[in-house]
Each structure stands twice: as C-alpha cells, then as structure tokens.
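Please read the structure below before turning to the comments.
2 protein chains.
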Amino acid sequence: MAELPTNFIQQARDILGPKGLVQEPEQLAPFLTEWRDRWHGSTPLLAQPDSSQALAEFVSLCAQFKLPITPQGGNTGLVGGQVPQGEILLSTRRLTKVRAIDPKAMTLQVDAGVTLQQAAEAAAEHDLLFPLELASGGSATIGGAIATNAGGMGVLRYGNMRDLVLGLEVVLPDGQLWDGLSSLRKDNTGYDVKQLFIGSEGTLGVVTGATLRLFARPPTQITIWAGLERPEHAVELLAHLRGVFGEQISKFELISETSLELVLDHMHDARRPLQSQTPWHVLVEFGLSDPHSGPDQVFSALESALDQQMINDAILAKSQAEASALLALRENISAAQKSKGAAIKHDISLPLAAIAEFLQTAAEAIEQQAPGTRFCIFGHLGDGNLHYNLLQPVGMAAQEFLARRETITDIVHDLVHARSGSFSAEHGIGIAKIGEMQRYKSPIELALMQSLKQTLDPDHLMNPRLWFESAAQDKKDV
Amino acid sequence: MAELPTNFIQQARDILGPKGLVQEPEQLAPFLTEWRDRWHGSTPLLAQPDSSQALAEFVSLCAQFKLPITPQGGNTGLVGGQVPQGEILLSTRRLTKVRAIDPKAMTLQVDAGVTLQQAAEAAAEHDLLFPLELASGGSATIGGAIATNAGGMGVLRYGNMRDLVLGLEVVLPDGQLWDGLSSLRKDNTGYDVKQLFIGSEGTLGVVTGATLRLFARPPTQITIWAGLERPEHAVELLAHLRGVFGEQISKFELISETSLELVLDHMHDARRPLQSQTPWHVLVEFGLSDPHSGPDQVFSALESALDQQMINDAILAKSQAEASALLALRENISAAQKSKGAAIKHDISLPLAAIAEFLQTAAEAIEQQAPGTRFCIFGHLGDGNLHYNLLQPVGMAAQEFLARRETITDIVHDLVHARSGSFSAEHGIGIAKIGEMQRYKSPIELALMQSLKQTLDPDHLMNPRLWFESAAQDKKDV
Numbered sequence: 017m018a019e020l021p022t023n024f025i026q027q028a029r030d031i032l033g034p035k036g037l038v039q040e041p042e043q044l045a046p047f048l049t050e051w052r053d054r055w056h057g058s059t060p061l062l063a064q065p066d067s068s069q070a071l072a073e074f075v076s077l078c079a080q081f082k083l084p085i086t087p088q089g090g091n092t093g094l095v096g097g098q099v100p101q102g103e104i105l106l107s108t109r110r111l112t113k114v115r116a117i118d119p120k121a122m123t124l125q126v127d128a129g130v131t132l133q134q135a136a137e138a139a140a141e142h143d144l145l146f147p148l149e150l151a152s153g154g155s156a157t158i159g160g161a162i163a164t165n166a167g168g169m170g171v172l173r174y175g176n177m178r179d180l181v182l183g184l185e186v187v188l189p190d191g192q193l194w195d196g197l198s199s200l201r202k203d204n205t206g207y208d209v210k211q212l213f214i215g216s217e218g219t220l221g222v223v224t225g226a227t228l229r230l231f232a233r234p235p236t237q238i239t240i241w242a243g244l245e246r247p248e249h250a251v252e253l254l255a256h257l258r259g260v261f262g263e264q265i266s267k268f269e270l271i272s273e274t275s276l277e278l279v280l281d282h283m284h285d286a287r288r289p290l291q292s293q294t295p296w297h298v299l300v301e302f303g304l305s306d307p308h309s310g311p312d313q314v315f316s317a318l319e320s321a322l323d324q325q326m327i328n329d330a331i332l333a334k335s336q337a338e339a340s341a342l343l344a345l346r347e348n349i350s351a352a353q354k355s356k357g358a359a360i361k362h363d364i365s366l367p368l369a370a371i372a373e374f375l376q377t378a379a380e381a382i383e384q385q386a387p388g389t390r391f392c393i394f395g396h397l398g399d400g401n402l403h404y405n406l407l408q409p410v411g412m413a414a415q416e417f418l419a420r421r422e423t424i425t426d427i428v429h430d431l432v433h434a435r436s437g438s439f440s441a442e443h444g445i446g447i448a449k450i451g452e453m454q455r456y457k458s459p460i461e462l463a464l465m466q467s468l469k470q471t472l473d474p475d476h477l478m479n480p481r482l483w484f485e486s487a488a489q490d491k492k493d494v
Numbered sequence: 017m018a019e020l021p022t023n024f025i026q027q028a029r030d031i032l033g034p035k036g037l038v039q040e041p042e043q044l045a046p047f048l049t050e051w052r053d054r055w056h057g058s059t060p061l062l063a064q065p066d067s068s069q070a071l072a073e074f075v076s077l078c079a080q081f082k083l084p085i086t087p088q089g090g091n092t093g094l095v096g097g098q099v100p101q102g103e104i105l106l107s108t109r110r111l112t113k114v115r116a117i118d119p120k121a122m123t124l125q126v127d128a129g130v131t132l133q134q135a136a137e138a139a140a141e142h143d144l145l146f147p148l149e150l151a152s153g154g155s156a157t158i159g160g161a162i163a164t165n166a167g168g169m170g171v172l173r174y175g176n177m178r179d180l181v182l183g184l185e186v187v188l189p190d191g192q193l194w195d196g197l198s199s200l201r202k203d204n205t206g207y208d209v210k211q212l213f214i215g216s217e218g219t220l221g222v223v224t225g226a227t228l229r230l231f232a233r234p235p236t237q238i239t240i241w242a243g244l245e246r247p248e249h250a251v252e253l254l255a256h257l258r259g260v261f262g263e264q265i266s267k268f269e270l271i272s273e274t275s276l277e278l279v280l281d282h283m284h285d286a287r288r289p290l291q292s293q294t295p296w297h298v299l300v301e302f303g304l305s306d307p308h309s310g311p312d313q314v315f316s317a318l319e320s321a322l323d324q325q326m327i328n329d330a331i332l333a334k335s336q337a338e339a340s341a342l343l344a345l346r347e348n349i350s351a352a353q354k355s356k357g358a359a360i361k362h363d364i365s366l367p368l369a370a371i372a373e374f375l376q377t378a379a380e381a382i383e384q385q386a387p388g389t390r391f392c393i394f395g396h397l398g399d400g401n402l403h404y405n406l407l408q409p410v411g412m413a414a415q416e417f418l419a420r421r422e423t424i425t426d427i428v429h430d431l432v433h434a435r436s437g438s439f440s441a442e443h444g445i446g447i448a449k450i451g452e453m454q455r456y457k458s459p460i461e462l463a464l465m466q467s468l469k470q471t472l473d474p475d476h477l478m479n480p481r482l483w484f485e486s487a488a489q490d491k492k493d494v
C-alpha cells in the first residue's frame with residue numbers, strides 16, 4: 017500500500033478538520049472487518065467529514081490526486097463492498113442529522129449517516145412509520161441502505177429502498193455536490209437521475225442526504241403463525257390472504273422446520289408456536305385499519321385456509337408480547353445458524369411459481385454433493401426471496417464443507433438462473449458475487465452498466481474493487 | 017424533408033413487411049396531429065413492426081443510415097414528444113399481445129402497444145387490478161406510459177408507472193434488443209438499468225415489452241364528496257383520513273368551484289353533489305377490505321372532519337351509480353374547459369404545505385396580468401399535483417389571452433420553482449417545456465442527463481427534438 021502524498025494529507029486535514037482524518041491502525045481496525053468475517057481490509061486513511069460540503073471537497077481532492085475511495089456507512093454490508101483493499105476509506109458516520117420531518121406530507125429528510133433505527137424513531141415521534149427494517153438497523157445507515165437498495169421484511173407492503181426515496185443529495189466522483197433533495201411524489205422533468213445512485217453500491221457517487229417517504233402506522237397489528245406441509249401451500253396461502261387483505265399484509269415469511277429447530281435450540285426460553293410439527297411454517301403480520309373487525313377477518317381467512325388444506329394449523333398472537341415472541345423466532349435464525357458450524361449461504365429470489373420445484377431439485381442436487389447437509393431455509397416468501405442457507409452436515413469438518421462452496425453455489429445459482437430467478441435478491445454484489453455477474457448477466461446489460469460507470473466515473477475512483485469492472489472486462493474477452 | 021435513400025426503403029420493407037411500412041400522406045395524417053392541436057408533424061415514413069425483433073432490426077437499419085426516429089405509442093402525449101418533425105415515425109401499434117399473466121405472483125407481461133385499458137381488462141379477468149388509469153386509457157399504450165412515467169388518479173395508492181414496472185424489453189438506439197423482462201420483486205444484481213428507459217420519453221431507446229405489477233382489487237369501494245372553504249383544509253383532511261385509513265385511500269382529488277361549475281354546465285344531466293356551495297371540493301375514493309365496517313368507518317371519519325371544521329359538508333355515494341356520477345364530475349373537467357375558450361394550462365406539483373399559499377399568490381399575480389381570468393384548478397392533491405388551468409376572461413379574444421402565455425407561464429412556474437415544486441408533475445417535457453428545462457433544472461442535473469444521452473445515443477437518433485439537447489447546450493453557453 018503506497019504512502020499518500022504529503023500535500024494530499026495536508027489538504028485533507030484542512031478540509032476534514034482534526035477529527036475528520038484517522039490514520040492510526042488501532043483506530044482503523046473496526047472499519048476494516050465486516051461481520052461475516054470473510055473479508056479483512058486495509059486503508060491508508062479514514063476520512064470522516066462532518067458535512068456534505070466537506071465530503072464533496074474531500075472527494076474533489078481525491079479526484080485531483082486520482083486516489084481511489086471506498087465509501088462506508090454502518091459497515092453492515094454482507095458482500096464485502098464496504099471493506100477497502102488499500103483505497104482511502106470514506107465514512108459517512110459523522111453525517112448524523114435528522115434534517116427535517118413534514119408529518120402532513122409524510123416526508124423525512126436525513127443525513128446519509130443516520131441509521132435506519134434513528135430514521136424510524138424520528139418518524140415514530142410523529143406517529144408515522146419509516147418501514148425499512150433490517151436486523152442491523154441499529155448500525156445500518158440510510159446512505160448504505162440506498163447504495164445497496166436494501167429490502168428486509170417490509171418489502172411486501174412498503175417496497176425496497178428505491179421505492180422509499182423521493183430525493184437525494186449526492187457527491188459525484190469528481191467532487192461536485194448535487195442537491196436533488198426533492199420531496200415531490202410526482203416530478204417528470206427529464207431523466208430521473210437519482211435512480212443511478214440507488215443500488216449502485218457507491219460505485220457512481222456517494223449519497224450524503226435523502227428525502228424519504230413515510231407511512232401511516234396501521235392502527236391494528238395482528239401476527240399469526242401457521243404450519244404447512246409443502247412450500248407450494250405457502251404460495252397458495254399468500255394468494256388467498258391477498259385476496260382478502262390486499263396490501264394490508266405487512267410481512268409474509270417462510271420458515272423451514274430445520275430453521276425453527278435451530279432457533280428453538282439457540283433461544284433457550286423460546287417455545288414452539290404450534291403443538292404439531294410440520295415441514296414448513298409461515299409468519300404473517302397484518303397491519304389493519306379496523307381494530308374491531310380485524311381479528312375476526314383474520315380468523316375467518318385462516319379457517320378458510322384450513323378448510324382448503326393450505327395450512328395444517330395456525331395461531332393468532334393474543335398480545336403484543338406473543339407477537340414479538342413469534343417475530344423473534346424468525347429474526348434469530350441467522351444468529352442460531354452461526355453456532356452450528358460452517359454455512360454456505362445464498363440470497364436468492366425466484367418467481368413464486370418456481371419456488372417449490374426449485375427447493376425439491378436443489379435439495380436433491382446438494383444431497384448428492386454433501387450428504388447430510390442441513391437446509392436452513394427461511395425468508396421473505398412474499399417477494400419470492402429466500403435465504404437459502406446450507407449448514408454443514410453434523411460431524412463433517414468445517415473446512416471440508418467450505419471447500420465445496422464454489423461447486424455448491426454454482427449448482428444453486430444455476431438452478432435459480434434457469435428458473436428466471438436472481439442470485440442476489442437483496443444483498444447486492446460487492447466483491448462476493450463478481451463471478452456471478454460474469455456467469456449470469458447478459459452481455460447487453462453488463463455493457464450498459466460498464467458504459468454508465470465509464471460516464472460517471474471515468475477515472476474509476478469510486479469503489480474500484482467492485483463487480484462490474486472485471487465482469488464486463490471478462491465478458492468482453494469471452 | 018429529404019428523401020429517404022432507396023436502398024433504405026427496400027431494406028425497411030424487407031424487415032417490416034408490406035403492412036409494416038406506410039408512406040401515403042392520407043394514411044400518415046392521423047399520426048401527425050395530437051389532441052391538444054398544438055403541434056402538427058411531418059414524416060417521410062411510418063414504420064409499424066409487428067414484433068420486437070422486427071422493431072430492433074428496423075432501428076438497427078436506421079442507425080446504420082444515421083436516420084433519426086420518433087417513437088409513438090397511442091399518440092396521447094400532451095407535450096408533443098410523439099409528433100415527428102421530419103424524423104421517421106416508429107409506431108408500436110402492432111405490438112398488441114398480452115403475453116402472460118401470473119395471478120398468484122400478480123404479474124402481467126405485455127407488448128408495448130397494449131393499451132392501459134387492455135392491460136386493466138387482462139388483469140380484471142383474474143379479478144386483479146392494473147391500477148394505472150388515465151382518461152386516455154383506451155388509446156394510451158403501456159410503452160408510452162412507461163416512456164412518460166405516467167401518473168393519473170391512482171398514484172396516491174399505487175404509484176407512478178415507474179413503481180409498477182418489474183422488467184422491460186427495450187430496443188437500444190443501436191438496434192440491440194435487450195431482454196430485461198424479469199418478474200422479480202427483488203433483484204440487486206448490478207445497476208438497475210431499466211430505470212433509464214422509464215420517463216425518458218423515448219430518447220434512450222424504445223420499450224417493446226414490459227412485466228407489470230398487479231394488485232388485489234379492494235373488496236369494497238366507497239366514494240365521498242366533500243365541500244371545503246380553503247385549500248389548506250384539503251391538506252388537513254388528507255392527513256386526517258390517512259391517519260385512519262392509511263394506504264387504503266385510492267384517490268384524493270381536489271376540484272375548485274369554478275371547475276365544478278364548468279363541468280355542470282357541460283354535462284347537462286349532472287347534478288351538484290351537495291346543496292351548499294363551497295369554494296373547494298374533494299372527491300375521495302376508499303378501497304377497503306371490510307365491506308361491513310367500511311361505511312361506518314368512513315362516516316365516522318367524516319363526522320370528525322366536520323367537527324374539526326376541515327369540511328363544511330359531505331356525502332357518501334350510496335350506490336355504484338352514484339359513485340360513478342361523482343367520478344364523472346372530476347373526469348370531465350378537461351373536456352368542459354375546451355368549450356369555454358382559450359386556456360393556458362399547467363401541470364404542477366408542490367410540497368403539500370406550500371399549496372394554499374401558492375394558490376393565493378399565483379391568483380393575485382395572474383389577476384394583475386389578465387383581470388377576469390377564470391381559474392380552473394383541479395387534480396391529484398394527494399400527490400401534490402394540480403392541473404392549474406387558466407381560462408380566458410369572458411369576452412376577451414382568445415388570441416389576446418394566448419399572447420400572454422409565456423409571461424403567465426413564467427409567473428406560474430417561477431412561483432412553483434421557488435416553493436420547491438415541479439413544472440411538469442406528470443406530463444413530461446416533450447417539446448413543450450424545453451425552455452423550462454433551461455430555466456429551472458440545475459446545471460449538474462442537466463449535465464448528468466446530457467452525459468446519459470451521449471452514452472446511450474451518441475448519434476442522437478432517438479427523438480432528437482426533445483428537451484435535453486438544447487437545454488444542456490444553452491445552459492453550457494450561459
């Protein structure tokens with residue numbers, strides 16, 4: 017890692033102030049590891065400006081010196097995009113202002129470094145809802161969630177981050193500060209350029225601020241847990257419930273029995289929701305406007321689902337505490353997996369009609385590869401998105417299982433791709449899925465991405481380690 | 017208008033087939049006028065391919081010969097973007113297949129030439145809702161609605177066209193056919209390049225197919241009409257109703273008394289909804305899931321609004337026929353205006369908090385300009401979008417009023433811009449608002465648009481008459 021020029025550091029110090037520039041290794045260390053512990057980074061300098069203007073000036077300085085930058089929000093990304101490998105690390109952690117809230121218009125304007133949890137709290141003070149929830153929401157930032165087009169459990173009802181952004185403030189790779197912070201729901205005045213910076217993982221610019229949509233809190237929340245025989249029944253149940261409740265379904269999560277067993281084992285005071293055991297479970301949360309008729313409507317819909325044999329059994333949570341306990345079972349699956357051995361994880365989405373057959377076919381193929389693999393499958397079935405996580409067979413050495421990672425992941429992603437699914441439903445590409453970009457994206461699409469990158473960041477200074485670079489290059493060479 | 021090269025016409029005929037190529041002036045005429053009668057076009061050739069593949073080959077041919085193209089859907093655009101001025105006219109009118117519908121996944125795949133009405137009918141066959149409704153929906157096409165990011169009355173609940181598109185099939189300016197027809201709700205595999213082709217008015221490529229989101233039909237529809245003293249009460253009422261009904265409000269439309277008078281005069285058997293006369297009215301449509309408690313909830317919310325003096329009076333439609341009659345009052349305002357003289361029209365959006373003061377200030381300024389101007393104001397208040405249409409004073413010569421168009425429009429748009437609003441909420445730019453792009457868009461944003469255009473269409477063949485070209489050019493010269 018080459019030394020940074022002295023005059024660069026001096027000018028950086030002038031722009032960032034004494035607190036805005038860090039170079040001591042012990043202080044840098046937390047920013048250089050991520051929580052899956054798969055990647056470890058290095059950087060000559062952490063820049064943490066305390067204003068959008070300072071951030072813009074700093075990026076401009078880097079552009080002058082042609083020094084590459086890795087932007088970082090809350091360091092909760094799951095695909096390694098935020099971990100520098102020698103680039104300057106640019107953190108938004110000091111951009112923490114909740115700038116404005118307009119309760120009547122239902123809009124919220126924040127700095128990019130505001131966490132998802134802080135945004136939700138600011139909305140809740142006015143009895144409004146900022147609906148993007150991630151397990152990492154205490155650390156994950158709005159800017160990071162925009163850069164990765166984060167999803168979570170609320171997408172079914174409220175959409176991805178892209179659907180929640182009304183306007184952005186962005187620092188472009190050349191250091192220009194673009195104020196596109198509109199709060200308008202309707203504005204067709206030329207190309208919607210903010211779309212470029214959503215889901216592009218910091219490769220086209222750095223988001224420094226955003227105007228977000230808020231929603232009314234549904235007056236009544238009802239949570240149910242149901243047991244099912246087969247995954248296709250979950251798809252039927254979703255259609256059935258949508259026919260009654262429309263967009264009032266706030267969450268629709270699938271949980272495999274294996275996943276439930278893991279989390280029951282992990283959380284010692286958790287209890288199985290139903291007496292009966294079934295191969296599959298769904299957790300459904302309804303957000304209804306009528307507290308009086310709500311429970312009856314849900315009960316009636318479940319009875320109908322029972323009659324049609326979509327579900328074997330179900331319970332309605334009778335209190336907020338019961339509802340939270342059910343949700344906790346779903347929320348703690350990831351943590352429960354960690355203690356059980358090595359895992360090969362996938363974040364896939366599929367057309368709903370393809371899910372059941374995919375699960376069958378994939379299970380057979382993986383059983384052949386590594387007999388005894390434990391299938392920890394759970395996720396946002398409402399959006400067709402499953403966390404398809406494979407736990408090592410009991411008794412197999414972790415390294416032996418992980419040695420098969422590439423083979424197994426190719427099998428899974430090939431099956432997904434053949435069924436018009438996605439190999440990265442919500443986590444993004446980062447450095448983790450560069451190979452998949454080559455393998456699965458069409459040449460036309462890769463060429464379009466490459467041309468956008470070339471247009472906005474011709475010097476390739478923004479997050480240069482990320483996917484599209486080598487992907488497009490290799491595709492061209494093929 | 018130069019003659020087209022003979023070998024071009026020959027190759028075009030081979031690609032398009034005999035029915036796919038029209039050059040006779042009488043046959044071309046309907047495609048060269050638009051319904052506001054403001055622009056009249058000319059073209060040497062209408063190409064109407066019957067497949068995406070043929071369309072791609074034709075665009076490729078045009079690219080080879082460097083011949084510019086104006087794409088056209090249903091010819092219902094309101095800003096002149098679809099009217100060629102010497103370019104080849106490329107119509108999607110023969111791309112009319114409803115390709116597939118998946119009722120459980122709630123997705124619909126169509127050719128770009130399918131009309132909004134046909135899409136809605138295809139969805140309704142499975143008791144599902146395609147929610148984008150425009151008055152022109154019998155002619156307006158899905159492709160055109162995508163190119164213009166169309167809105168309409170349903171945006172409050174269901175979003176703009178951008179929110180309804182899951183995937184696109186697009187012919188790029190060089191003739192490549194990109195199949196991006198995903199039906200996935202969640203897919204974070206690189207840049208979301210389909211966003212480029214939504215709302216870019218045919219300047220970056222031609223949409224030939226789309227996968228769209230469908231919704232459950234709300235079981236119960238309740239329509240109300242309320243009379244109000246002041247526009248700020250409408251904003252209060254919206255917040256009040258959202259607090260009770262959340263996203264179950266399907267439409268929230270503002271209608272000025274002047275607009276109502278015009279439409280009552282125009283539709284001879286229409287009746288005033290309320291006994292009392294008020295300066296403002298709102299029409300609200302609720303889509304509720306509970307047929308039993310719905311009417312009571314609405315009634316109760318209206319009573320509360322009365323108590324708080326947000327509204328003076330209100331009625332609930334007691335039948336579908338009554339509801340349709342109320343909606344017809346709103347839907348026929350545009351037609352009612354036409355017979356009353358010359359009009360200067362604006363399609364604006366504003367932050368909700370700014371609307372009341374804007375209406376006051378703008379009225380005063382325009383009264384100074386043209387005393388006696390009639391203010392025909394109506395529109396999608398829920399989204400902050402108003403059709404701010406000024407009818408000539410009674411007795412003034414039409415041309416005298418229209419001679420003030422530029423002055424008046426500058427006044428209106430300057431006021432809107434100063435309040436962080438938009439000069440084109442839903443209609444787009446076309447050739448009508450090229451001057452506004454110069455006047456109101458930031459240089460950074462124009463430069464970004466220009467660079468996108470340069471990247472995707474370096475030969476400037478796609479819709480070259482449109483806004484960004486001269487806008488960016490002039491801005492640079494300033």
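These protein sequence lines are chains Z and E, in that order. Letter by letter, the first sequence follows residues 17 to 494 in this note's numbering. Letter by letter, the second sequence follows residues 17 to 494 in this note's numbering. Quick reminder that beta carbons are idealized off the backbone N, C-alpha and C, glycines included.
- Approximately 7 Å separates the beta-carbon atoms of ASN479 of chain E and GLY97 of chain E; this is inside 8 Å, confirming the contact.
- DSSP places TYR404 of chain Z inside the beta strand (DSSP E), whose first and last residues are 401–407.
- In chain order, ILE371, ALA372 place their CB closer than 8 Å to the CB of GLU248 of chain Z, counting only its own chain and leaving out the 5 sequence neighbours on each side.
- Per DSSP, reduced to three states, the secondary structure at PHE439 of chain E is coil, with no helix or strand assignment.
- Contact check for ILE364 of chain E against VAL300 of chain E fails: the beta carbons are separated by 7 Å or more.
- Looking at E:PHE74, E:ALA79, E:GLU42, the one whose alpha-carbon comes closest to that of LEU472 of chain E is E:ALA79.
- As summarised for the stretch 266–307 of chain Z, the continuous alpha helix (DSSP H) elements at least 4 residues long and confined to that stretch are 273–282, given in chain order.
- Per DSSP, LEU77 of chain E is one residue of the alpha helix (DSSP H) stretching across 68–81.
- Annotation for ILE240 of chain E: the continuous beta strand (DSSP E) segment containing it runs 236–244.
- Judged by DSSP secondary structure, LEU375 of chain Z falls within the alpha helix (DSSP H) whose first and last residues are 371–385.
- For the C-beta of ARG258 of chain E, the chain Z residues within less than 7 Å are, from N- to C-terminus, ALA232.
- Against chain E, the CB of TYR174 of chain Z has no partner CB under 7 Å away; the residue lies outside that interface.
- Of all C-beta pairs linking the stretch 280–294 of chain Z to the stretch 198–213 of chain Z, fewer than three are shorter than 8 Å, placing the two stretches out of contact.
- For LEU32 of chain E, DSSP records no beta bridge to any residue.
- In the DSSP assignment, PRO459 of chain E falls within the unbroken alpha helix (DSSP H) covering 459–472.
- Looking at the DSSP output, GLN101 of chain Z sits in a beta bridge with Z:SER58.
- GLN192 of chain E carries a coil assignment under DSSP once its states are collapsed to helix, strand and coil.
- Within the DSSP secondary-structure output, PHE394 of chain Z pairs in a beta bridge with Z:ILE271, Z:HIS403.
- The beta carbon of HIS429 of chain Z lies closer than 8 Å to those of HIS362, ILE364, PHE439, GLU452, ARG455, TYR456 in the same chain, with the five residues before and after it left out.
- Interface with chain E (7 Å Cβ-Cβ cutoff): ARG29 of chain Z is excluded.
- Against SER440 of chain Z, the close residues of chain E are ASP203, ASN204, THR205, in the order they occur along the chain (beta-carbon pairs closer than 8 Å).
- Look at ASN479 of chain Z: its C-beta is not under 7 Å from any C-beta on chain E.
- Within chain E, the residues whose beta carbon sits less than 9 Å from that of THR164 of chain Z are ASN204, listed in sequence order.
- An exposed status is given to GLY388 of chain Z, since fewer than 16 other beta-carbon atoms sit within 10 Å of its beta-carbon.
- In terms of Cα proximity to GLN88 of chain Z, the closest of Z:GLN133, Z:ILE445, Z:PHE47, Z:ARG54 is Z:PHE47.
- Residue contact with chain Z for ASP208 of chain E: present (Cβ-Cβ distance below 7 Å to some residue of chain Z).
- Around the C-beta of VAL410 of chain E, fewer than 16 other C-beta atoms lie within 10 Å, and the residue is accordingly described as exposed.
- In this structure, the CA atom of LEU61 of chain Z is about 52 Å from the CA atom of THR377 of chain E.
- Between the stretch 391–403 of chain E and the stretch 337–345 of chain E there are fewer than three inter-stretch CB-CB distances shorter than 8 Å, so the stretches are not counted as touching.
- Less than 7 Å divides the Cβ of ALA161 of chain Z from the Cβ of MET177 of chain Z.
- At a cut-off of 7 Å, the C-beta of VAL251 of chain Z has a neighbouring C-beta in chain E.
- For ARG178 of chain E, the enclosing alpha helix (DSSP H) has its first and last residue at 177–180.
- Taking a beta-carbon distance threshold of 7 Å, PRO474 of chain Z does not count as an interface residue toward chain E.
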